[in-house]
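Student: Here it is, the structure, as structure tokens.
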Amino acid sequence: MKNKVSLNLNVSLLEIILSLLIFATAGIIMINCFAIARFTQIRANDKAIAGAILQSDFEIIKSFKNADEMHEFLNNSYEVKKDTNKNYIYTKYYDESWNQGSTKEYEVTIMLSDENSTSGELIKIKASAEKEKPYPFIKKEGVQQIYSLESKKYFPTLGGRNGE
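Residues in the sequence shown are numbered consecutively from 200, following our numbering.
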């Protein structure tokens with residue numbers, strides 16, 4: 200008895216090439232999905248960290264009893280970028296891991312603008328966090344805003360419930 204193994208090779212070369220192309224296309228789509236998911240994770244992490252930094256400093260700024268305390272805190276924590284007509288701009292730089300330093304991957308800016316009146320002082324506070332280098336998969340060049348906050352703080356001069 201002779202044992203003969205015979206294979207039925209009715210599969211054409213075209214079918215093999217088509218199946219390889221389908222698997223290659225599926226692989227490319229899957230790799231793109233993972234890359235986009237990673238990019239989305241980086242953006243979400245940046246937004247969460249920037250929000251925590253800004254909200255923390257915002258709470259400290261809003262807790263002061265007068266504008267001088269506010270400016271003293273910002274002068275000690277941030278570097279003064281500009282000082283124009285009653286506008287004060289304070290800036291802090293972070294590296295790619297959100298560690299404070301001289302590397303300018305991320306920039307946190309707080310801008311204060313004063314409006315004086317006879318009854319007190321109103322300070323408008325604008326805070327923002329920006330990414331200096333563009334994210335991958337985004338064709339925008341230049342600075343991209345990650346997070347921003349705006350508020351106002353009023354300091355009465357004398358009298359009233361808060362003044363003495």
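Beta carbons: idealized from backbone N, C-alpha and C, even for Gly.
1) I need the DSSP call for Asp313, collapsed to helix, strand or coil.
2) According to DSSP, simplified to helix, strand and coil, what is Phe354?
3) Thinking C-alpha only, which one of Leu273, Lys303, Asp294, Tyr292 is nearest Met310?
4) Alpha carbon to alpha carbon, how far is Glu314 from Glu320? Give it in angstroms, no decimals.
5) Nearest-angstrom Cα distance between Phe336 and Lys351?
6) In the DSSP output, which residue or residues are listed as bridge partners for Leu321?
7) Do the CB positions of Lys163 and Asp245 come within less than 8 Å of each other?
8) So Tyr177 and Tyr305 are in contact, right, with Cβ under 8 Å, and what is the actual spacing, rounded?
9) Going by C-alpha distance, which of Tyr346, Ser347, Tyr334 is nearest Gln240?
10) Under 8 Å by Cβ, that's how I've got Leu253 and Val307 pegged, so tell me the actual separation to the nearest angstrom.
11) Kindly indicate which residue of Ala223, Ser312, Lys332, Ala326 has the alpha-carbon position closest to the one of Asn284.
12) DSSP three-state label for Ser211, please.
13) Cβ atoms of Ala328 and Phe257: under 8 Å apart, would you say?
14) Measuring only between beta-carbons, confirm whether Asp245 sits less than 8 Å from chain D.
Tutor: Considering the structure as presented:
1) DSSP places Asp313 in strand when its eight states are reduced to three.
2) strand
3) Leu273
4) 6 Å
5) 36 Å
6) In the DSSP secondary-structure assignment, Leu321 is bridged to Glu314, Tyr353.
7) Lying outside 200 to 363, the shown extent of the chain, residue 163 is not represented and no answer is given.
8) With the chain represented from 200 up to 363, any question about residue 177 goes unanswered, as that position is not in the structure.
9) Ranking the options by Cα distance to Gln240, first place goes to Tyr334.
10) 7 Å
11) Ser312
12) coil
13) no
14) Here there is only one protein chain, and chain D is not present.
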